[in-house]
Every structure is written in structure tokens, then in C-alpha cells.
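Inspection log for the structure reproduced underneath, given as C-alpha cells.
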Amino acid sequence: MDLGPELRSLPTVGETVDRYRIVARIGLGGMAVVYAVRRSSIGGFEKLLAMKVMLPNLALDARFVNMFLDEARIASHIQHKNVVEVLDVGTWNELPFLVMELLSGRSFSHLLSALGDTPDARVPVALAVLAQAAEGLHAAHEALGADGRSLDVVHRDVSPQNIFVTTDGEVKVVDFGVAAARGRLSDTRTGELKGKLRYLAPEQVTLAHPLTRAADIWSLGVVAWEAFTGRRLFTEANEATALWNIVEAPIEDVAALAPSLPAACAAMVRRCLERDPARRPKSAQEIGAVFAKGARDLAGPGGVDLAGALANRFGDALARERTMFADVARDVAALDGGADAEGDASGTDAAKADALVPAARTALTTVTEVDTPRSQGEKTSRRGVVTLLVAAATATFAAVVAFRGSTAPAASAPASPATPASTEAKTSPKPDALPDEDAALKATSAPPSLLAASPSASATTRSRSPSPIRRGPKPASSAPMSNPLIKNPF
3 MDLGPELRSL PTVGETVDRY RIVARIGLGG MAVVYAVRRS SIGGFEKLLA MKVMLPNLAL
63 DARFVNMFLD EARIASHIQH KNVVEVLDVG TWNELPFLVM ELLSGRSFSH LLSALGDTPD
123 ARVPVALAVL AQAAEGLHAA HEALGADGRS LDVVHRDVSP QNIFVTTDGE VKVVDFGVAA
183 ARGRLSDTRT GELKGKLRYL APEQVTLAHP LTRAADIWSL GVVAWEAFTG RRLFTEANEA
243 TALWNIVEAP IEDVAALAPS LPAACAAMVR RCLERDPARR PKSAQEIGAV FAKGARDLAG
303 PGGVDLAGAL ANRFGDALAR ERTMFADVAR DVAALDGGAD AEGDASGTDA AKADALVPAA
363 RTALTTVTEV DTPRSQGEKT SRRGVVTLLV AAATATFAAV VAFRGSTAPA ASAPASPATP
423 ASTEAKTSPK PDALPDEDAA LKATSAPPSL LAASPSASAT TRSRSPSPIR RGPKPASSAP
483 MSNPLIKNPF
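Here the sequence shown stands for residues 3 to 492, numbered as in the numbering used here.
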């Protein structure tokens, strides 16, 4: 499969990058390519991992390089079973790469779609997933730097797409690409919003309070409300109404829509969705404890079998993915027996590897959020947010959307403005229902599950544009080369 000239300098199947043998290309996003790689050592040691390699055009931009490395640095300080583990960072052919654990399973978004709209079916599974996710989020919030001081991590993009359920029933919080933390190499530019629009906390919109872990707790509350009810917390026709809803719209009681939800869990969701950050739970661990007890109360002493829930709904697809992946791994292993170690897999080997790509590419945008960095005119600015909120307060929504850095004159929005291209949440035929955000995955058996968490330059844009960069052929050796933009993130 031809990825175009601008991507031909990336590693290919069968090639060795540093200590890692490329087994398959399993995802292509707007910021990185994700590979399955094999790490081998003495005594027959072998482990399959995931590697993300930054796209060549973005590797020329110091800001995006720093964002990429920030994810590695932040995640490396979080040691917890419910957070995706980053194992290594380096450069190859002047491109930064991250190595992390390889996840097999489905996103929480995908699992919720499969559970359907009935709260009785959704609630026990959702409680079990969110209990683990809350523990992972708490570990991130408590992470310490090398100096022993708190890193003050705020994930900023807590969403169903960034919660991953593995085939063995473990839950992982993924994607720290836009996380706030002390000592980040990259800074959020004045006026930018980070994260998916509909999960933003009110203080992320208004700047009325400093950004703390309380913002993640709000976002987790939105995820929980939607998971338990099968509906969106807010409906919106456009970005202006979405922002207004976050700050001012009344919130329907989750207990009225999900009567099987234990009372303590419903009360916890209400606390998470307090618009005053000081009134929210003090830690995600507190949320996890309440949700875990609720799951046990509903499912009995054995608790909820998340591995079984995943197998019941995706068992055949997961089995096909494992078979296809194993076939490709064996084919690549055969290269070690005599084929050119620096060459590409060819013939049927390459065809099998490429067969993994289309679904994984689709999954990458819904599971791991590898997004194309937005242009200046597409970015949601806080200055624009203020304008939108003022317009909403006058009940006209004829707002002037002032995007930071734009040289074009601001346009007056009509009474019913069209949804901006950068808005993540789009109107659906059933506006109060959660959309099937992973529907594209159901039409294919190629593996969307063998993924790693990926950095988000901005999580509200899904547009992709081809790179204008044309790079020359790869050097004969795959030894790492220096990139003056890359600093040691640790």
C-alpha cells in the first residue's frame, strides 16, 4: 500500500528501528504512525510492543516534537496498571519515536456502543470500567517528578476514546499527549482549548478557576453520566451552544435516566458535575472506590467480568485479529532466517501487513486520538469562547468568533450558525443518543484493537491533510540520527 512520498522515509515491515523489529503497521494518524514491534534479546527473550513514530513533516516543527516527547516524559512517571506504560523513547532517521505496551481489546466508546441503550445492561459494565479508569487517573494526578515534587498532571482529554479495555479485563487510561504538567517542553498557547469539546470542564472554557485535577474529575463525570444513561449529557447544534451548555445548561439527574444505578454512584456523578471545582470530589480515587462497590453490589462478590463482556461482544473479531497478527509476526520472524534484515517484507508478507492497516487507521481516530494539528484558523480560542458565551447570554448566538492569530475579518454568525469544522460533536439524527463513534470498526475484521495510546495535537479536529514535505531516501543504516529539535524529555 503506497502511503505517498512524504511517508516513504518511515520504517517498513521487517526493518529494525534501534532494538525493535517492525512486525506490522497497525495505525496511521495525523501525527504518528503506530507499529507493532518485537523486542528480542538473549536467552530467547521476546516481547511484542507498540511503537509510535512521528510523521516526517511534524518532526520539523519544534512545538509538535515537544508535545510528542512530553507524552513520553509524563507517562514515564506514572507507574500504574491502569495507565498505558511508556517504555522507551528515541530517534530514528531524525524522527522521534515512543515505545509502549501493546494493547489488545476495545475502547470504552466501542464497548458502550456494543452494550446498547438499555441502562440495565450498561450500568454494571460501565461501573467496573470507570472504577479502574478512575484509579489510573488518580495515579496520574499523584505522579511525582524526578525531584520528588508533584508533576501536577491534568490529563485534559478524559473521554471514552481514551479509556481502553483489554482482552484480559484490565482498563487503561491512554493518551497523555495534551496533558498539562509541571515542566512540559511544550506550552499551551494563550487562548487555546485542549481536549474534546463536549468533555471540557467549565473552568477550561471560562478560565474562572485555575486548571487542576478537578477538570479531569468533571470530564470523568460526563463520561460516567453518558455511559450510565446511553445519552449525551448535552445536545448542541454548534460550538456556541456546546460551550454555553457546559457553563450554564441544567444537568438532568442521572438517577432518573438510569434507575438501576446504585444511589451512592448517582450521588457521586452529581458531585463530579458540580460547576464549582471546589465542590467536586477531591480525588479520582474516591470516585473509583464508590464505582467499584456499586459494580460489586450489582454483579455479586465475583464482580463484573470485563474480559467476558469483551469476548461476548467481540470474540470472533478479536480471534481473527489475533490470527492475522500472529501470521504477520511469523512471516517477519522468517526474515531473520536469511532475508535482508534491513529490507521490507515483500510479496504476501507485505500484503498481510497492509491488510492490518485500514481498520486500524480508522480505529486510531476513535481509540487513540492521533489527530492532525489544526491550522490557526481552526483552533478554538478562549477569546473566541468568551465571544460565544456573551452572544449566548443575549440569546441571539449572532456571535463574532474571534480566532486567535487569524488575519481574516471575523464573520457574524447567522441566527442558526452552521457547525464549525473544528467541532468534535456533530448533530446526530437522534440528538440525545450517544453516537456509535466506532461504527466504522464493525464493518471489518482487521485489527482495530492492537493499538497504543497516541498524542493529540488537538483532540477536536479530525481533518487530515497530506504533508507538503518531500524527503529523500533513507540512509543505508537504520542507526539513530540526531534531530536538533529533539531534547531529552527525561
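For each residue, glycine too, the CB sits at the ideal point set by N, CA and C.
Query, Result
"Alpha carbon of residue 141 to alpha carbon of residue 154, nearest angstrom", "11 Å"
"For residue 165 and residue 109, believed in contact at Cβ under 8 Å, the rounded distance", "7 Å"
"Unbroken stretches of the alpha helix (DSSP H), 4 residues or longer, contained in the segment 48-133", "64-78, 110-117"
"Minimum C-alpha distance to residue 301 - residue among 264, 175, 112", "264"
"For residue 175, the first and last residue of its enclosing beta strand (DSSP E)", "173-175"
"Residue 47 classed as buried or exposed, judged by whether at least 16 other C-beta atoms fall within 10 angstroms", "exposed"
"Residues near residue 409 in its chain [Cβ-Cβ closer than 6 Å; skip 5 each side]", "Any reading at residue 409 is ruled out, since the residue's pLDDT is 36, under 50, leaving its predicted position unreliable."
"Residue 30 (DSSP reduced to helix, strand or coil)", "strand"
"Span separating the alpha-carbon of residue 171 from that of residue 58", "36 Å"
"6 Å CB neighbourhood of residue 43 in its chain, flanking five on each side removed", "none"
"Residue 97 versus residue 178 - alpha carbon distance", "19 Å"
"Classification of residue 250 by the beta-carbon crowding that lies within 10 angstroms, buried from 16 upward", "exposed"
"CA nearest to the CA of residue 160, picked from 66, 216, 125, 24", "216"
"Validate contact between the segment 89-96 and the segment 11-29 using beta carbons, cut 8 Å, 3 pairs", "yes"
"Cutoff 8 Å; reference residue 287; Cβ partners in own chain excluding five residues on either side", "136, 137, 140"
"Cα-Cα separation, residue 218 to residue 254", "20 Å"
"Assigned secondary structure, residue 311 (DSSP; H/G/I helix, E/B strand, else coil)", "helix"
"Residues near residue 169 by beta carbon distance below 7 Å, same chain, minus five either side", "106, 107, 309, 312, 320"
"Bridge-paired residues (DSSP) for residue 146", "152"
"Endpoints, the alpha helix (DSSP H) within which residue 166 is located", "Run containing residue 166: none in the alpha helix (DSSP H); it sits in the beta strand (DSSP E), 165-168."
"Bridge partners - residue 18, DSSP secondary structure assignment", "23"
"Beta-carbon proximity of residue 91 to residue 74, cut-off 8 Å", "yes"
"Sequence-distant residues of its chain with Cβ nearer than 8 Å to residue 131 (five each side left out)", "110, 113, 165, 167, 173, 229, 308"
"Where the alpha helix (DSSP H) containing residue 11 begins and where it ends", "First-last for residue 11: undefined, no H or E at that position."
"8 Å Cβ cutoff met for residue 181 and residue 143", "no"
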